[in-house]
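To start, the structure itself, in structure tokens.
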Amino acid sequence: MIKVEDLHRHFGGFRAVDGASLEIETGSITGLIGPNGAGKSTLFNVIAGVLPPTSGRVTMDGEDITGLPPHALFHKGLLRTFQLAHEFSSMTVRENLMMVPGGQTGETIWKTWFQRGRIDREEAALRQKADEVLDFLTISHVANEKAGNLSGGQKKLLELGRTMMVDAKVVFLDEVGAGVNRTLLGTIADAILRLNKERGYTFCVIEHDMDFIGKICDPVIVMAEGKVLAKGSAQDIMQNEDVIESYLGRGLKNKDMVSA
Amino acid sequence: MATTRQAAATSPWRAPILFAILALLFVLEGTVRNSMFSGSWNTSLAILNMGLISAITALGVNMQWGYAGLFNVGVVGFLALGGLAPVLIALPPVEGAWSSGGMRLLLSLFVGMGTLAMAKMAWTRTRSGLIVAGVLLAGFVAYRWLFDPAVLAIEANNPARHGNIGGLGLPVLLSWVVGGLFAAAAAWAVGKVALGLRSDYLAIATLGIGEIIVAVLKNEDWLARGVKNITSIPRPVPYEVDLQANPDFVDFATSWGFGAAEASGIWVKLCYMLLFLVVLLTIILLAELALKSPWGRMMRAIRDNETAAEAMGKDVTARHLQVFVLGSAVIGIAGAMMITQDGLMAPTSYNPLRYTFLIWVMVIVGGSGNNWGAVLGAILIWFIWIKVEIWGPNLIGFLVTPLPDGDLKTHLLDSAPHMRFIVMGLVLLLVLRFAPRGLVPER
Amino acid sequence: EDVKLGTSLGFTGPLESMSPAMQAGVDLAAKEINESGQFMDGSMVTVVQGDSTCVDAAAATATVERLITAEGVKGIVGGMCSGETIASLENVAKPNGIVMISPSATSPALSTIEDNGLFFRTSPSDARQGDVMADIIMGRGIESVAVTYTNNDYGKGLADSFAAAFTAKGGNVTTNSAHDDGKADYSAEVAALAAAGGDALVVAGYVDQGGSGIVRGSLDSGAFDTFVFPDGMVGQALVDNFGAEIDGSFGQNPAAEGEGREKFVEMAKAEGFDGTGAFSAESYDAAALILLSMAAAKSSDPAVYKDQVMAVANEPGEKIMPGELGKALEILNGGGDIDYVGASAVEMIEPGETAGVYREVEYKDGDMTVVGYR
Amino acid sequence: MDILNALVAFLNFVFIPAAAYGAQLALGALGVTLIYGILRFSNFAHGDTMAFGTAVTIIVTWGLQALGISLGPLPTALLALPFGIAATALLALGTDRVVYRFYRVQKAAPIILVMASVGVMFLMNGLTRLLIGVDEIRFTDGARFIINVRDFREWSGLEEGLALRTTQLLTLVVAVLVVWALFWFLNRTKSGKAMRAYSDNEDLALLSGIDPERVVRMTWIIAAGLATIAGVLYGLDKSFKAFNYFQILLPIFAAAIVGGLGNPLGAIAGGFVVAFSEVAVTYPWVKVAGYLFPGWQPDGLLQLLGTEYKFAVSFVILIIVLLFKPTGLFSGKSV
Amino acid sequence: MSDAEIAFGKRGNRDASVVNPKGQGSFDGSRKSGAVGAGIEGAPFLIGDSMSGGYGRGPDILHDCTIAVDKGEIAVIVGPNGAGKSTAMKALFGMLDLRKGRVCLNGRDITALNPQDRVKAGMGFVPQVNNIFPSMSVEENLEMGAFIRSDDIRQTLEQVYELFPAVAEKRKQAAGELSGGQRQQVAVGRALMTRPDVLMLDEPTAGVSPIVMDELFDRIIAIARGGLPVLMVEQNAQQAMNIADKAYVLVQGANAHTGTGKELMANEEVRRTFLGG
Ligand SMILES: Nc1ncnc2c1ncn2[C@@H]1O[C@H](COP(=O)(O)OP(=O)(O)OP(=O)(O)O)[C@@H](O)[C@H]1O
Ligand SMILES: Nc1ncnc2c1ncn2[C@@H]1O[C@H](COP(=O)(O)OP(=O)(O)OP(=O)(O)O)[C@@H](O)[C@H]1O
Ligand SMILES: [Mg+2]
Ligand SMILES: [Mg+2]
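In structure tokens, the structure reads:
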């Protein structure tokens, strides 16, 4: 369980995150929504160790993880994907996956000079695992393609795939849907649900597409102006007047002009 | 885009062909005598040897830039630091230096280091600036109290000939390793500061440390006599005069049709060449082994996308520090080798144009990210750098022949030595133009 | 026979502005020898120019390597700076047994170097000048001076030997600090010197380098108005730069009693270069010494003529001034003895360097006057 | 009185020289920062561009002097300056056309441009030497001093003197004028805004109808102007020597970076930071202390560090600044 | 490739003291315009007619792709990721070398014009990414939109502020400090400042919250009904189809389906495979 307690992050005088407190239950797929500039990404970045908090605390299963660097959080099983896909573009898709696990023998430079045999064995195992993941994500046909040449949606799947190379506990997804074709987004939603069910991953998802949120998330947390505005099931949230007022809106005003 | 075009045009034969051309240049330099080449094997080998040292330096820079994208503009400093090693390791001990203040000096350096460590500890424990400042001040006073008299005593010890702490009288080859260690230690300190916070300004930090190291070598006479220079550093290879005095060698030389003086020069240079080649190839072997394993994959990932690598559990800062230290160590080794070959340690000669910019030119021209490219670029650029000394004036002499005699012609002929810069610039621009990713681009 | 004479001078690099006049000195000597037609049964001398860069030992070594092994020169005038000179001497000249006569490398380290009798210089070691300068300053009743030196072996060696001599004679050196040549700005150095104070400022630097910058800054800010100029500073450029502003300053540089130097300056003028340029006269002498020694030995083999250098340079024999190389050749061909004096009053002492006769100069009414010799 | 003496000593040896030197660095850094901001690379040839511009100016100055034209108390070189700027601008534009444009059109990585600028540096280096030789050249004429030491001492009756050279004042005045003009240009004129827009987002500038080649041309012309002005002022104040203009490149870069590359205001601040740290940190306070505490005679010079390390000092200060302000003194807005 | 990657030649180096990674372009701005020819008789206001082409010397991305929009219309382009939607927009704007086909505006063939001159010819474009000048103030951003105009721009400025009141409040603030939705409004406003004859928007609603998205769509409808042709790319296909007079489905750089928004929504296969409905 990830617990955020009274978290603040200020930029100069501006309070991007202003005393947010929330919990992400183990095994859940928690949605995080809110108006532009509500502080969602900033909150993510603080939890993921990219930004130091101004004040407040983040704990994971009771352990204080506030301000740990991203690589340390990775080794604790806390993984994240990026709003804009951050693939290793000049490496092949398979290499993108094989580089993920930590503690490989061949990552210590002097061992690469003296322990070739052991490294080769480890590599073979890693390779097999990577191929399994690619199968799972239905992108094994591009295994040897440079990751930079993938389409936007495939890159997002690759992002997801990297989290499967190790035993992740919690995965943070930042706007997986923005700019992604809606049909593909459906595929991604299915993948998330399967990971959650089959492997017990906990997810926390930022997204503006309410269909997507409604399909996979429970509960949903709404942020506004750096604070938590509401929390509840997707249905409840979509009925919440405050949320409609500040975030969802009531549809087009100019509908009448459309058919004109 | 040009880059993709060039990558598409890169054939597997490119590197071998270029190396063959380079070899041909050296053979021509050794055999053909005309306005382009000198026709002397001694010259040819001398250029090659220095080229090999440059190649090792370029390999170090290439590790930092090509593998990890770290921009090191303090190459001159790390070279100089490496050059200190032969002085402190291989030179015979200076009589009276240690007894006059050596121990006290060591103690003072120890106190200096200790102060920094204590300050660091005080900061992590108490987070109080006042206490840290107190520790630093006390440490500084203690350090100076120990340091100053020791230095005075050492420098007063026969200043015309020595005035320095002297060496340990160990084999000079050992000093190559030590030179690497010196540079590595300095790189660790710089990297801790500059890489720890943000790598944005590594360039300026290294530029600074380069200047500082050279300034220290110039002004701290107790270390290596400062600007008064150290000469006669022991060699790992025989001396020419000894060879010339050896009848067996003279016979051997005559049997090959060489004069004794010429043959001795060639022999010594070949010995050096062998040593340098062993070092160069070992470094390349180790580097390629590392690059072709998960370590290399990790480094490529970090270079590709630091943020993502960090999120994938790779400690980017630590890896950057590692590569920076390794690369600097290689540069340090090259620095020690250079001093060994020159037999002279002259801190005034370390200027950034020659030892930083020229090395960078070598790496970029060769093709950064590719070890063989760096080697090719280094040897080629060094060859040109030396040869433009005569090519430049010859070229200008040729160009002005049609001019009538007069002030302009004399002025141009007088300025001929400056063609060295012009030709160098032209070569660089031409290579960049036709091979913007370098002669042997990274695969 | 066509005898080749090499030069290894810093045509590019920090001392690039001094090199052309030095090269011209060498060329002048060669021209004079050739025109006499008396050199080794009508042999001609050609001068091969090399760029030592002054600072880059590796480049200098490569240059000398080329001069010797490719061009086949029989003697070298050079190098220019001490560090580079040592490197090319040890790594190339010595193994190949070629004579080097440096006009400008003044480091005391070169006095003790193992050179197999191949290395000479036409400039004295700095150790001697320090002593002379201390005497001159003391003689003028000045007891407290600040010293600034160019941060290389020349400057440092000179400043240290001077400071030792001056203190031993009872003077006070308020500060002895370095300045780097070719730096963008010397305000900090001037400020430090001014703060240290003293009745005069000893500027152990180069006139077309940082030395002038220091003098300029000191004059402008009123830090000092009396300066002491050692050899690197004494030259026409100093008068051109500062004119009457340095009235009352004084200095010394190696030069003989008599007309040798003036004669050389005149000849240089006729050739179209500045004979007062630093080390130009010494370069002329270095070239002349090599060539005359060859003539004396009747051989251009360095192993043979190296033993003649001292004999040619010193007594007994007829004194040879600049412009009299033809006469000298005549005497040598006739089996006679010469005592080469040349443009810089060459007088060789062991181990192959000039003893150093210094002339004391004074600046008055925007001009330089010679007041005596030591 | 003693306090006045201390103050005058400080002004004379620290403040005035450092201010003039700082202004020279600032002008140089301004050119570097402009090219960095708009053309996106660190131009290593800037020092040699300065040297070239100065060399042309000197040659024209000689011509003017030969014609008997002068500016009275001001240096004749000021009259020749426009010619120098014009020639340098032509050279810069030519270089751009022959060298840099190729890479710009190819969208090559800017690091390639940096290396190309090293090549251009070598070329210009040789070119300047071909043009004017390697000797030290002084080309100041007119009145040397506005206040000189002797007059000041007589006038004030103080022990310490104060000197202010014409060139120093000129440097400061010109620097202020140039900086003001540059700011006005960048923030108020359409062309200036187009340059900032191009610097911010090249593609979008194109989509707004801005002609990128025109922006590039303008950048080179302004940079050449700044380089020539900086070079001439520096040469007037010190002296001209081709080699020194390479040496000044290092402090100029330090100044540009400490101020935040790409930021004109930062370049100016950076110039002064570097200049003052060089002069002030190595200043021996013994004399000033002597005036302030007449009874106290320290035995040392009260010097924090020898002048040998002055350059190191400015770098250490630079690194400390970067540790606390990682994007330089003036982060945020770029050109 | 991100900006920084271009700048540092994909070397991962972030050393900002060597090169400036911010804002480097991807298009050669030095290209000269060619001559304007005669357009296609009776064609829509803006038409890219059977365009084929790709980036640099790379393979073709567009294959015989036709996109058109007429006065008073909203035309929407949808399709899978990487289909070439943005590429088609860039092709219309001359930021791509067409190997086949041509672009006509208002009865004239403008295929040979470079982007700068297309702006002058009356086209306004809001790219998908990097569509503001981050370090310039909101007002300066808008002024840059009016760069080619020499008349008084104050009136247009007021109109834009009226249209986007949220932006008007922040006119002195650097645009880079705005939130995502506000940035989009500035970007659209910048294009309007040109007084364009045709407006092209590439995914103007990506990443904005539902309420802001509705607002943006409202504005777009209002603009189109004012007579200005609007061509846009949208991933929010269902919303977009509702307001589209004309819709194109692009697949692998070619026209797969064309029709009115309603028609395509009604097509079950199109809906399932491309619109995610
Ligand atoms: N580096 C920064 N400096 C100043 N302000 C910042 C910075 N980063 C974010 N902000 C501000 O903090 C606020 C929250 O930003 P954040 O990116 O967290 O929003 P968000 O909820 O993710 O919005 P969106 O849905 O648009 O992604 C915004 O108003 C933004 O302007
Ligand atoms: N600058 C470029 N150079 C080379 N290829 C490119 C470039 N930009 C895009 N491509 C390629 O062109 C194809 C089409 O890209 P485009 O950006 O037009 O897709 P899109 O339909 O806009 O997708 P999305 O919905 O993700 O924005 C992709 O395969 C992409 O990899
Ligand atoms: Mg966000
Ligand atoms: Mg797109």
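Residue numbers (the working numbering), protein chains in the order written: chain A, -7 to 252; chain B, 417 to 859; chain C, 295 to 668; chain D, 278 to 612; chain E, 23 to 299.
Idealized CB from N, CA, C, for every residue including glycine.
Using 8 Å as the Cβ pair cut-off and three pairs as the minimum, do the region 72 to 86 of chain A and the region 690 to 709 of chain B touch?
no
Please report the Cβ distance between residue 619/B and residue 40/E, rounded to the nearest whole angstrom; I am assuming they are in contact, meaning their Cβ atoms lie under 8 Å.
Indexing the second sequence from 1 puts residue 619/B at position 203. Indexing the fifth sequence from 1 puts residue 40/E at position 18. Approximately 5 Å separates the beta-carbon atoms of residue 619/B and residue 40/E; this is inside 8 Å, confirming the contact.
Residue 8/E touches chain D at which residues, Cβ-Cβ below 8 Å?
Any property of residue 8/E remains undetermined from this structure, which presents chain E solely from 23 to 299.
Using only the alpha-carbon positions, how far apart do residue 178/E and residue 186/A sit?
Residue mapping note: residue 178/E aligns to position 156 of the fifth sequence, counting from 1. Residue mapping note: residue 186/A aligns to position 194 of the first sequence, counting from 1. For residue 178/E and residue 186/A, the distance between alpha carbons rounds to 53 Å.
Neighbourhood of residue 342/D by C-beta distance below 8 Å, restricted to the same chain and skipping five residues each side:
If you number the fourth sequence from 1, residue 342/D lands on position 65. 353, 418.
If you run the structure through DSSP and keep just helix, strand and coil, what is residue 8/A?
In the first sequence, residue 8/A corresponds to position 16, counting from 1. Shown here, residue 8/A sits in a strand according to DSSP, grouped into three states.
Quick check: what's the CA-CA separation for residue 720/B versus residue 114/E?
By 1-based counting over the second sequence, the position of residue 720/B is 304. By 1-based counting over the fifth sequence, the position of residue 114/E is 92. Distance between the alpha carbons of residue 720/B and residue 114/E is about 32 Å.
Name the DSSP bridge partner or partners of residue 201/E?
Here residue 201/E is taken as the residue at index 179 of the fifth sequence, counted from 1. Paired residues: none, contrary to the question.
What three-state label does DSSP hand residue 211/A in the structure shown?
Within the first sequence, the letter at position 219 stands for residue 211/A. Correct three-state label for residue 211/A: coil.
CB contact flag (residue 434/D, residue 516/C, <9 Å):
Working through the fourth sequence from its first residue, we reach residue 434/D at position 157. Working through the third sequence from its first residue, we reach residue 516/C at position 222. Cβ atoms of residue 434/D and residue 516/C: not closer than 9 Å.
Since residue 225/E meets chain A, which of its residues come closer than 8 Å, beta carbon to beta carbon?
One-based indexing of the fifth sequence puts residue 225/E at position 203. Here the neighbours are 171.
Start-end ranges of the beta strand (DSSP E) lying completely within the region 188 to 276 of chain E, minimum 3 residues:
220 to 224, 252 to 255, 268 to 273
Locate the alpha helix (DSSP H) running through residue 506/C, then write down its first and last residues.
In the third sequence, the residue the question calls residue 506/C occupies position 212. Segment 504 to 515, the alpha helix (DSSP H) holding residue 506/C.
What's the gap between the Cα of residue 790/B and the Cα of residue 569/D?
Mapped onto the second sequence, residue 790/B falls at position 374. Mapped onto the fourth sequence, residue 569/D falls at position 292. When rounded, the distance between both Cα atoms is 60 Å.
Within the 9 Å Cβ cut-off, does residue 51/E reach chain D?
By 1-based counting over the fifth sequence, the position of residue 51/E is 29. Closer than 9 Å: yes.
Candidates 128/A, 90/A, 129/A: which alpha carbon is nearest residue 112/A's?
For the purposes of this step, residue 112/A is taken as residue 120 along the first sequence, with counting starting at 1. Comparing alpha carbon positions, the residue from 128/A, 90/A, 129/A closest to residue 112/A is 90/A.
Taking only beta-carbon atoms, is residue 418/B less than 9 Å away from chain D?
Stepping through the second sequence from its first residue, residue 418/B is reached at position 2. The pLDDT assigned to residue 418/B is 36, lower than 50, so where the model puts this residue is not dependable; a value taken from the coordinates is nonetheless given after this. Cβ-Cβ to chain D under 9 Å: yes for residue 418/B.
Span of the beta strand (DSSP E), counted from its first residue to its last, around residue 342/C
As a first step, residue 342/C must be located in the third sequence, where it is residue number 48. That run of the beta strand (DSSP E) goes 338 to 345.
Using a Cβ-Cβ distance under 9 Å, would residue 380/D count as near chain B?
Counting from 1 along the fourth sequence, the entry for residue 380/D is found at position 103. Yes - at least one Cβ of chain B is within 9 Å of the one on residue 380/D.
Ignore the nearest five residues each way along the sequence and tell me which others in residue 773/B's own chain have a CB closer than 6 Å to its CB.
Locating residue 773/B in the second sequence gives position 357, where the first residue counts as 1. Cβ neighbours of residue 773/B beyond the five flanking positions: none.
Give, in chain order, every residue of the region 745 to 769 of chain B whose Cβ lies closer than 8 Å to some Cβ of chain D.
768, 769
Would you kindly check if the distance between the Cβ of residue 831/B and the Cβ of residue 410/D is under 9 Å?
Here residue 410/D refers to the residue found at position 133 of the fourth sequence. Here residue 831/B refers to the residue found at position 415 of the second sequence. Cβ distance < 9 Å, so residue 410/D and residue 831/B count as in contact.
For the candidate residues 466/D, 581/D, 477/D, whose alpha-carbon lies nearest to that of residue 560/B?
The residue labelled residue 560/B in the question sits at position 144 within the second sequence. Closest in C-alpha terms to residue 560/B, from the list 466/D, 581/D, 477/D, comes 581/D.
Answer with buried or exposed for residue 122/A, where buried requires no fewer than 16 other C-beta atoms within 10 angstroms of its C-beta.
Position 130 of the first sequence, counted from the start, is the residue given in the question as residue 122/A. Result: buried.
Let me know the secondary structure DSSP gives residue 168/A once reduced to three states.
Position 176 of the first sequence holds residue 168/A. The answer is coil: DSSP assigns residue 168/A none of H, G, I, E or B.
Using a Cβ cut-off of 9 Å (strictly closer), state whether residue 282/D contacts chain E.
What you label residue 282/D is simply residue 5 of the fourth sequence in a count that begins at 1. Chain E contact via Cβ: absent.
When the cut-off is 9 Å and only beta carbons count, does residue 483/C lie next to chain D?
On the third sequence, residue 483/C is found 189 positions in, with the first residue counted as 1. Residue 483/C counts as touching chain D.
Could you tell me which of 205/A, 139/A, 105/A, 126/A sits nearest to residue 240/A, measuring between CA atoms?
Against the first sequence, residue 240/A aligns to sequence position 248. Looking at the Cα atoms, 205/A is the closest of the given residues.
Short CB-CB distance (under 9 Å) between residue 611/D and chain E:
Working through the fourth sequence from its first residue, we reach residue 611/D at position 334. In this predicted model, residue 611/D has a pLDDT of only 34, less than 50, meaning its place in the structure is not dependable enough to derive any value.
Nearest to residue 128/E (by Cα), restricted to the options 262/E, 176/E, 220/E:
Mapped onto the fifth sequence, residue 128/E falls at position 106. Of the candidates 262/E, 176/E, 220/E, the one whose C-alpha sits nearest the C-alpha of residue 128/E is 220/E.
Roughly how many angstroms separate the alpha carbons of residue 237/A and residue 381/D, rounded to a whole number?
Here residue 237/A is taken as the residue at index 245 of the first sequence, counted from 1. Here residue 381/D is taken as the residue at index 104 of the fourth sequence, counted from 1. Approximately 49 Å, taken between the alpha carbons.
Of all the CB atoms in chain A, is at least one closer than 9 Å to the CB of residue 306/E?
With chain E covering only 23 through 299, there is no way to say anything about residue 306/E.
Mind listing, in chain order, the continuous beta strand (DSSP E) runs of no fewer than 3 residues lying wholly within the region 40 to 108 of chain A?
Entirely contained in the region 40 to 108 of chain A, the beta strand (DSSP E) runs reaching 3 residues are, in chain order, 47 to 52, 70 to 72.
Hey, residue 350/D and residue 444/D are a contact pair by Cβ (cut 8 Å); roughly how many whole angstroms apart?
If you number the fourth sequence from 1, residue 350/D lands on position 73. If you number the fourth sequence from 1, residue 444/D lands on position 167. Actually they do not touch by this definition, with Cβ atoms about 11 Å apart.
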